[in-house]
Amino acid sequence: MEMIKKVRSVKFGFNSLLCLAALTAFVGQPAKAEPTPELLSQPLDISGDFHDFKNTYFVADRLTKFDPAKAEGDVSWRQNVYEVRRAFDNDMAFLTPTNGSVFPNGEYEVNPQLPFSLQFVSPRTVRVRMKTGLPARSQGPSPMLVGEPPIDKSWKYEKIEGGHRYSSVCASVSIMEKPWRIEFRDASGKLLTKTNAPADNSVTYRPITPFSFVRRNSDYSRSVAASFCLSPDEKIFGCGESFTKLDKRGQKVVLWVNDANGVTSQAMYKPIPFFMSSQGYGMFMHTSTPITCDFGATNSAVNTLMIGDDELDLFVFLGEPKEILDEYTNVTGKAAMPPLWSFGLWMSRITYFSEDQTRDVAAKLRKNQIPCDVIHLDTGWFETDWRCDYQFSTKRFKDAPKMISDLKNDGFHICLWQLPYFTPKNRLFSEIVEKGLSVKDGKGNLPYEDAVLDFSNPDSVKWYQEKLGDLIRQGVGAIKVDFGEAAPVNGLFASGRTGFHEHNLYPLRYNKAAAEAIKNVSGENIIWARSAWAGSQRYPLHWGGDAEVTDVGMAGELRGGLSFGLSGFAFWSHDVGGFTMRSPAELYRRWLPFGMLASHSRCHGQPPREPWEYGERFMNDFRAAVEMKYKLMPYVYAQAKDCTERGLPMLRALFVEYPKDPGAWLVEDEYLFGSDMLVAPLFEANATERNVYLPSGKWIDYQSGEVYESGWRKIAVGSIPAVILVRDGAVLPQIKLAQSTAQMDWAKLDLVAYAADAQQASGLVCLPSDDKLRRVSLTKTNGKFNLDSDPFDGKTILTPTAPEETR
-12 MEMIKKVRSV KFGFNSLLCL AALTAFVGQP AKAEPTPELL SQPLDISGDF HDFKNTYFVA
48 DRLTKFDPAK AEGDVSWRQN VYEVRRAFDN DMAFLTPTNG SVFPNGEYEV NPQLPFSLQF
108 VSPRTVRVRM KTGLPARSQG PSPMLVGEPP IDKSWKYEKI EGGHRYSSVC ASVSIMEKPW
168 RIEFRDASGK LLTKTNAPAD NSVTYRPITP FSFVRRNSDY SRSVAASFCL SPDEKIFGCG
228 ESFTKLDKRG QKVVLWVNDA NGVTSQAMYK PIPFFMSSQG YGMFMHTSTP ITCDFGATNS
288 AVNTLMIGDD ELDLFVFLGE PKEILDEYTN VTGKAAMPPL WSFGLWMSRI TYFSEDQTRD
348 VAAKLRKNQI PCDVIHLDTG WFETDWRCDY QFSTKRFKDA PKMISDLKND GFHICLWQLP
408 YFTPKNRLFS EIVEKGLSVK DGKGNLPYED AVLDFSNPDS VKWYQEKLGD LIRQGVGAIK
468 VDFGEAAPVN GLFASGRTGF HEHNLYPLRY NKAAAEAIKN VSGENIIWAR SAWAGSQRYP
528 LHWGGDAEVT DVGMAGELRG GLSFGLSGFA FWSHDVGGFT MRSPAELYRR WLPFGMLASH
588 SRCHGQPPRE PWEYGERFMN DFRAAVEMKY KLMPYVYAQA KDCTERGLPM LRALFVEYPK
648 DPGAWLVEDE YLFGSDMLVA PLFEANATER NVYLPSGKWI DYQSGEVYES GWRKIAVGSI
708 PAVILVRDGA VLPQIKLAQS TAQMDWAKLD LVAYAADAQQ ASGLVCLPSD DKLRRVSLTK
768 TNGKFNLDSD PFDGKTILTP TAPEETR
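No gaps in the numbering here: position 706 of the sequence shown is 693 in this note's numbering, and each next residue is one more.
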């Protein structure tokens, strides 16, 4: 330790601090090149780096240079360290400016001046970029973006006192010089948010992390803390499929892809570095590094985005929720339109093991007249359960291609499970390792016992897509893109980056590889994926993971779906009844309408899942819930198409449609299914009614026809155990019941008008034959609704219908 004391008394320059790191490792205090979780399964929270006395901090201080024509310049960053302030028996650590201690003097910038720029992408979107050091080497096109964002020239510049302002028809952005700050306002001039500077924090005795970056003294790596001010009643939503409280205000959210093993914790299969605020803005942190968002958890006045990247690339979107989602998905991509059959019922369990079992399930579905379009084979279609080698067991599947063909003739598609991890006993293991298709560690070995496919390697993608392509050519309709959350943080990838940058990107690369393999063969846009990152919405669809078979699990699943939809994803599903054990009939029955009134519907989990295994009464209830969705298929399909065009979710938080209704921002246990239906599931055993919040306007009970005014209402459920309501003035296109979507007659549709006081009603129709979205309008004359004009010119018969005629 005497050696350490002597070393600490010396001023350091060049690479001396790295030598010190090696020295401390020698005496038993290992240096860490990058933060790593304590367990493989643990999310990587980098927030500790921003409160570490060993590190050096640089606080955004002032604008030293600025070119208004290019909207770029330099920001001076003031060097700080933590110092303790003691008051009686209370210690608190504050960032305090320092002159630094370097040798040789003058060779290193104590308070560096670093590039800063704005890019105006659209009248509602601004891109903020800041560097914390020398530029990193170019990584090529970002997989998170659909292309290089455009430059919008409609923004007007003006010099203002103490700074600069740019304005569009929708918003304004001000850059203040000293202290440096950015302020975002709406078109009326209302402040939406601004960056947090030390001067903003003089009103509190508590330490606050201002807009800054940290330089880790262990390795001189850097990360950004983008801090923004929060308004008193501001609410925060998004961040991916988060199962915690829908409003993230007051939470610390770690954005690190993780096998959550359920839906009742903070862990996320699908974290997304995007959120929106009730104040009228959204933010996309364009990075794949770990992020910890402190949404007022540490201090309720400040939102600090702790981003692992050494440069800030932040997109800010200004507007109401629909406008923000549209803008965000213009940058990262909108969902492709899945095939019609995917919106039908997916019947599954873990797992069907043989051709006989598969054919038997299909036959019983048809015998019992339960509509269904997909039978999913989970982990048991290989020779050895769970050992993914992309080949059907020849012992248990006598002729898989013929089975697939026969079932397709009866209206069924087959979905197959697989994963990107290969155990040592897998016949493909040696091939993957020998061809260099897996992720490596620093020695060139495998980081895990499994070989993990490296989807940043084009050769790995080609190999993988050939395996899936062979299955799709046999007639398989979809692939379950399971797992993908365990890319090694200490791995070295073909991209040239470590897992610190590639771990979160892994699901996006994985989703893309599988989706393209299917589309290249069948031409259809369909996968069934568990993990995701920003941009994965381009490759539908995703499901909610391994939900607990409890009321709490059901509620957590809904929050996850709503949060996911507020993160740019149009399509989402979940395991109806929960996954982890046999679902009790009472819970399964209540879960069914929630499952059917989602974009995609799958019954899956520990057996049994098939309705006849629960008795005839349950099977009748099951059939009724599924038939409801099949009759509503024209509504489902048209709403899905609308979502792909506008970046909207099918499972929709109330405030997306009703942003002016304060109550709509508070509800997390009900949802809008598309634009016109409101669904409130039952989360308590044996419940027959529940309290429901209804946004402005009147609402009509889908099952009874009773009319309700807006506000809080206690509503009894019908024979289908959920509160299901329709907006006054909505037209729900419906179709004659069929046992699969392949057997539906789209030449005849009923236009079911729901009206309390409305004299006019409208809705959307989209025919699978051309995938064009059309609006239909009805007007009431002599007590009956009539079609104003026929958008199909008689090619499809549209019949205005009263709701009671369809019950």
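C-beta atoms are modelled at their ideal positions from N, C-alpha and C, and glycine is treated no differently.
query: Please find out if some non-hydrogen atom of the ligand ZN comes closer than 8 Å to the beta-carbon of residue 68.; result: Absent from the structure shown: the ligand ZN. Ligands present: none.
query: So, under 8 Å CB-CB, residue 799 and residue 692 are touching, yes? Tell me the CB distance rounded to an integer number of Å.; result: Limits of the chain in this structure are -12 at one end and 794 at the other, which puts residue 799 out of reach.
query: Please list the terminal residues of the continuous alpha helix (DSSP H) segment that includes residue 449.; result: 445 to 460
query: Just to confirm, are residue 564 and residue 517 a CB contact at a threshold of 9 Å?; result: no
query: Quick check: the Cα distance between residue 344 and residue 384, rounded to an integer number of angstroms?; result: 10 Å
query: Is it right to say residue 190 is buried, meaning 16 or more other beta carbons lie within 10 angstroms of its own, or is it exposed?; result: exposed
query: Span of the beta strand (DSSP E) holding residue 59?; result: 59 to 74
query: Tell me, which residues are paired with residue 225 by DSSP?; result: 262
query: Should residue 678 go down as buried or exposed, given a rule of 16 or more other Cβ atoms within 10 Å for buried?; result: exposed
query: How long is the line joining the alpha carbons of residue 731 and residue 363, rounded to whole angstroms?; result: 22 Å
query: So does the region 388 to 406 actually touch the region 343 to 359, counting three or more Cβ pairs closer than 8 Å?; result: yes
query: Give me whichever residues DSSP pairs with residue 105 in a beta bridge.; result: 115
query: Can you name, in chain order, every residue of its own chain whose Cβ lies under 6 Å from the Cβ of residue 242, other than the five neighbours on each side?; result: 258, 260, 278
query: Suppose contacts are defined by Cβ-Cβ distances below 9 Å. Is residue 27 in contact with residue 473 by that definition?; result: yes
query: Compute the Euclidean distance between the alpha carbons of residue 71 and residue 44, then round it to the nearest angstrom.; result: 15 Å
query: Counting only the same chain and skipping the five closest in sequence on each side, list residues whose C-beta sits under 8 Å from that of residue 129.; result: 273
query: Let's test the definition: count the other Cβ atoms within 10 Å of the Cβ of residue 138 and tell me whether it reaches 16, buried, or not, exposed.; result: exposed
query: Which residue marks the beginning of the beta strand (DSSP E) containing residue 43, and which one marks its end?; result: 43 to 54
query: Please give me, in chain order, every unbroken run of the alpha helix (DSSP H) with length at least 4 that falls completely inside the region 316 to 389.; result: 342 to 354
query: Using a Cβ-Cβ cutoff of less than 8 Å, which residues in the same chain neighbour residue 20 once the five nearest sequence positions on both sides are dropped?; result: Residue placement at residue 20 cannot be trusted, given a pLDDT of 48 that sits under 50; what the coordinates show is reported in the next sentence. Cβ neighbours of residue 20 beyond the five flanking positions: 205, 206, 208.
query: Is the shortest distance between the beta-carbon of residue 135 and the beta-carbons of chain B less than 9 Å?; result: No chain B appears in this structure, which consists of one protein chain only.
query: By the three-class DSSP mapping on this structure, what secondary structure does residue 432 have?; result: coil
query: Out of curiosity, what's the CA-to-CA distance linking residue 704 and residue 220?; result: 34 Å
query: Between the alpha carbons of residue 764 and residue 669, how many angstroms are there, rounded?; result: 33 Å
query: Taking the DSSP output, what are the residues bridged to residue 640?; result: DSSP output for residue 640 lists no bridge partner at all.
query: With a threshold of 8 Å, are at least 3 pairs of Cβ atoms found where one atom belongs to the region 211 to 225 and the other to the region 516 to 530?; result: no
query: Based on DSSP bridge pairs, tell me the residues matched to residue 562.; result: 589
query: List the DSSP bridge partners of residue 624.; result: For residue 624, which the question treats as bridged, DSSP gives no partner whatsoever.
query: Taking 6 Å as the limit between beta carbons, can you name the residues of its chain near residue 370, skipping five residues before and five after?; result: 380
query: Which one of 100, 602, 745, 568 has the shortest CA to CA distance from residue 249?; result: 568
query: Could you check where the alpha helix (DSSP H) with residue 488 kicks off and where it finishes?; result: 486 to 489
query: Within 10 angstroms of its Cβ, does residue 93 collect 16 or more other Cβ (buried), or is it exposed?; result: exposed
query: So within the region 463 to 502, which uninterrupted alpha helix (DSSP H) runs reach at least 4 residues, ignoring any that extend past its ends?; result: 486 to 489
query: In the DSSP output, what is residue 159 paired with across the bridge?; result: 154, 172
query: Go through its chain and collect everything with a Cβ distance to residue 762's Cβ below 7 Å, but skip five positions before and after it.; result: 749, 751
query: Does the region 596 to 613 come close enough to the region 326 to 342 that 3 or more CB-CB pairs lie under 8 Å?; result: yes
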